[in-house]
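Residue numbers (mature numbering (1 follows the signal peptide of the UniProt record, and there is no 0)): -22 to -1, 1 to 114.
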């Protein structure tokens, strides 16, 4: 929370407007609605492109693999596991953050907010909450 407050203070001091409110605030939803919305995001991702999403859950990573099927240390995918939704959403980080030194412990509580986007990696299309502000 301190990092978020410091970031907003810095933005105000520089005359940069604060980020807009989330279009989809998963943190304010009950269990049934949360499950339904996350399910829909995962199954109909094109419908959510460009929308600001806010979520709270547990920090997790997925280690990518190389062409030989071996773990690739340059491919770490950050995820917010949302237990009530029984699912997770990938997120990308804003700025230069490096795992593990700039991130919380695995399974630590985390709040993420950013714009849903599509990206490609080695010819495969993925979706994530991109350029996210994270709070832990």
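A virtual CB, placed ideally from N, CA and C, is assigned to each residue, including glycine.
ask   = Hey, out of 98, 90, 95, whose CA is closest to residue -2's CA?
value = The sequence position of residue -2 within the chain shown is 21, counting from 1. The shortest Cα separation from residue -2 among 98, 90, 95 belongs to 90.
task = Would you tell me roughly how many angstroms separate the C-alpha atoms of residue 56 and residue 19, rounded to the nearest one?
result = For the purposes of this step, residue 56 is taken as the residue at position 78 of the chain shown. For the purposes of this step, residue 19 is taken as the residue at position 41 of the chain shown. Rounded to whole angstroms, residue 56 to residue 19 spans 17 Å at the Cα level.
inquiry  = Tell me the rounded alpha-carbon separation between residue 112 and residue 66.
reply    = Here residue 112 is taken as the residue at index 134 of the chain shown, counted from 1. Here residue 66 is taken as the residue at index 88 of the chain shown, counted from 1. Answer to the nearest angstrom: the Cα atoms are 15 Å apart.
Member of 97, 93, 114 whose CA lies at the smallest distance from the CA of residue 26 = As a working mapping, residue 26 is identified with position 48 in the chain shown. Here the closest residue by C-alpha is 93.
request  = Give the range of the beta strand (DSSP E) segment to which residue 57 is assigned.
outcome  = Position 79 of the chain shown, counted from the start, is the residue given in the question as residue 57. 49 to 60 is the extent of the beta strand (DSSP E) around residue 57.
message = Given this structure, state the Cα-to-Cα distance separating residue 105 from residue 114, to the nearest angstrom.
response = By one-based count along the chain shown, residue 105 stands at place 127. By one-based count along the chain shown, residue 114 stands at place 136. Cα-Cα distance, rounded: 22 Å.
Option nearest residue 61 by Cα separation, candidates 7, 1, 2 = Within the chain shown, numbered from 1, the residue matching residue 61 stands at position 83. Closest by alpha carbon: 7.
query = What residue from 54, 10, 28 has the CA that sits closest to residue 39's CA?
reply = The residue you call residue 39 lines up with position 61 of the chain shown. Closest option to residue 39, Cα to Cα, is 54.
Minimum C-alpha distance to residue 97 - residue among 70, 82, 74, 80 = As a working note, residue 97 is residue 119 in the chain shown. The shortest Cα separation from residue 97 among 70, 82, 74, 80 belongs to 70.
query = Does the Cβ of residue 68 have 16 or more other Cβ atoms within 10 Å, making it buried, or fewer, making it exposed?
reply = By one-based count along the chain shown, residue 68 stands at place 90. Its Cβ being crowded by 16 or more others within 10 Å, residue 68 is buried.
request  = Determine which residues share a DSSP beta bridge with residue 41 and list them.
outcome  = In the chain shown, counting from the first residue as 1, residue 41 sits at position 63. DSSP lists 54 as partners of residue 41.
Assigned secondary structure, residue 65 (DSSP; H/G/I helix, E/B strand, else coil) = In the chain shown, residue 65 corresponds to position 87, counting from 1. Residue 65 falls in the strand class under three-state DSSP.
request  = Report yes if the CB atom of residue 119 is closer than 9 Å to the CB atom of residue 88, and no otherwise.
outcome  = For the chain, the structure presents residues -22 to 114; residue 119 sits outside this window and is missing.
Secondary structure of residue 23, DSSP reduced to three states = The sequence position of residue 23 within the chain shown is 45, counting from 1. DSSP places residue 23 in helix when its eight states are reduced to three.
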